[in-house]
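Working notes, beginning with the structure itself.
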Amino acid sequence: MEWLDYVVFSLIGLGLIFTVIRFILGPKLSDRVVSLDTFNMIIIGLIAFLALIFESNLYLDIAIVYAVLAFLETVVFARYLEGKSHGNN
Amino acid sequence: MEIISYIFLIIGGLFFLLGGLGVLRMPDTFNRIQAGTKATTLGAFSIMIGIGFGVAEAHLDWLPKLLIIIVFIVISNPVGSSAIAKATYNSKNIPDNLVQDDLKDRGEDK
Amino acid sequence: MKYVTTFIALLLVYLFLAGFTVNEVILGSIVSAVLTLILVKRLNFRLDWKFPIRLLKFLFLYIPVFIWKLILANLDVARRVLSPKIPLHSGIVKVKTNLKGDFGKLTLANSITLTPGTLSIDIEDDYIYVHAIDVKGETEEENQANISGPFEKILGGIFE
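Keeping their order, the protein sequence lines are chains C, X and W. Everything in the first sequence is counted per the numbering used here, starting at 1 for the first residue and increasing by one. Everything in the second sequence is counted per the numbering used here, starting at 1001 for the first residue and increasing by one. Everything in the third sequence is counted per the numbering used here, starting at 2001 for the first residue and increasing by one.
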């Protein structure tokens, strides 16, 4: 069953690559923020999956803290985007 | 038990892949937010359930943490997307393919 | 009453994070008591005797429908993403809600975001502004029935 780990890793990794491509392409700033949000969610799943691989409880704590920070980051970027609109876009 | 765990993990990975693909392929910002949010929420949900099945025999004390992660993601992910969507709308960056726009006739800068 | 509820909620979160051992229960009780004394003036909620019934209703009526809708939404997203030409007919519509109270509105908005083809953008008083991939109805009432109908009914039964 070892090879199934690699299947899961490659699926998650392909998802990450697509979001990174959108981050690079993204015509507007808001598209970049959206791709960053999706990227963070996928990273949370990846960290939790690492906890299963290494059988270590610590990674779940890291995933919780990362989830909290990702939410804050999303909201802060959204505020920034909103404030920026009053100047030239 | 291990087989069920891998089934959930692969479903989760598949939805993460679909989320990434949706963010890449959708034509405007709002639709990108939709695809990204839904697919990653169910993907994270499914991966946590898969991990729960995988460790249920060895480490029973992981399950509350997984529950906390699921609850937090299900609450915070839609709120974050709503914040981005509102900011996108307010930054005058509206796609021109909308067939209907009820937000337009609301008062300016609320 | 308010003190006890806050204390129990904090202690449960602490124990979920730290594990259920005797040491953690003692330390968690001390930490939760201090935090309760600090926080309780700024919290603003009311509890009545109906709360356990509401909680049970929330767990057994709302959650299964929610998960089922979430799976449907994802199949919908998968169909749209994988089709070679993406079918789009999107717009922003206004949906009226009858729910009172912040928590009810928050839950309704989250449910709308995670159901097929809709994304709630903003809440203003009694109206939720929703972006829909596929605007089906012609009038406001049709849209309302399509977008928030089922959840509105369930949540109305729980929170009212």
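Ideal placement from N, C-alpha and C gives every residue a C-beta, glycine not left out. This one's a predicted model, so the numbers in the text were calculated from it and none came from an experiment.
- The shortest C-alpha to C-alpha distance from LYS2069/W to any of LYS2105/W, PRO2116/W, LEU2035/W is the one to PRO2116/W.
- Residue-level contact check: ASN1090/X touches chain C, since one or more beta carbons of chain C fall below 7 angstroms from its beta carbon.
- Note that the C-beta distance between ILE1004/X and PHE1045/X is not below 7 angstroms.
- Along the segment 34 to 62 of chain C, the positions whose C-beta sits under 8 angstroms from a C-beta of chain X are VAL34, SER35, ASP37, THR38, MET41, ILE42, ILE44, GLY45, ALA48, PHE49, ALA51, LEU52, GLU55, ASN57, LEU60, ASP61, read in chain order.
- Legend: CB atoms of the segment 2094 to 2114 of chain W lying less than 7 angstroms from CB atoms of chain X belong to residues LYS2094, ALA2109, ASN2110, THR2113, LEU2114.
- If you draw a straight line from the Cα of MET2001/W to the Cα of LEU2056/W, it comes to about 20 angstroms.
- Assigned with DSSP and collapsed to three states, GLY2091/W falls in strand.
- Within the segment 1032 to 1051 of chain X, contact with chain C at the beta-carbon level (separation under 7 angstroms) is assigned to ARG1032, ILE1033, GLY1036, THR1040, GLY1043, ALA1044, ILE1047, MET1048, ILE1051.
- For ALA2132/W, the three-state secondary structure derived from DSSP is strand.
- In the structure shown, the three-state DSSP call for LYS2085/W is coil.
- Contact with chain X is absent for ARG32/C, since none of that chain's Cβ atoms lies less than 7 angstroms from the residue's Cβ.
- Under the criterion of beta carbons closer than 8 angstroms, LYS28/C and THR1029/X qualify as touching, at roughly 7 angstroms.
- About 27 angstroms separates the CB atoms of ILE1069/X and SER30/C; that is not less than 8 angstroms, and the two are not in contact.
- For SER2120/W, the enclosing beta strand (DSSP E) covers residues 2118 to 2124.
- Secondary structure at LYS28/C: coil, using DSSP grouped into helix, strand and coil.
- With a threshold of 7 angstroms between beta carbons, ALA1083/X makes contact with chain C.
- Between PRO2084/W and ASN2044/W, the alpha-carbon positions lie close to 51 angstroms from each other.
- Chain order gives the chain X residues near GLU82/C as LYS1086, ALA1087, ASN1090, SER1091, where near means a beta carbon separation below 8 angstroms.
- According to DSSP, residue pairing for TYR2127/W in a beta bridge involves LYS2096/W, GLU2124/W.
- For GLY2028/W, no chain X residue has a C-beta closer than 7 angstroms to its own C-beta; the minimum C-beta separation is roughly 13 angstroms.
- Using a Cβ-Cβ distance cut-off of 8 angstroms, the segment 2 to 20 of chain C and the segment 1051 to 1067 of chain X are not in contact, since fewer than three pairs of beta carbons, one from each stretch, lie closer than that value.
- In the DSSP annotation of this structure, the continuous segment of the alpha helix (DSSP H) that includes PRO1078/X starts and ends at 1063 to 1090.
- Taken in chain order, the unbroken stretches of alpha helix (DSSP H) that lie wholly in the segment 9 to 74 of chain C and span 4 residues or more are 29 to 54.
- Burial check for SER56/C: the Cβ neighbour count within 10 Å stays below 16, so the residue is exposed.
- Secondary structure note for PHE2007/W: its alpha helix (DSSP H) is the uninterrupted segment 2002 to 2018.
- Within 8 angstroms of the CB of ILE21/C, the CB atoms of chain X belong to LEU1024, in sequence order along the chain.
- With contacts defined by Cβ atoms closer than 7 angstroms, ILE1047/X and SER1081/X do not form a contacting pair.
- Look at the beta carbons and you see the segment 2127 to 2135 of chain W touching the segment 2096 to 2115 of chain W: at least three pairs across the two are nearer than 8 angstroms.
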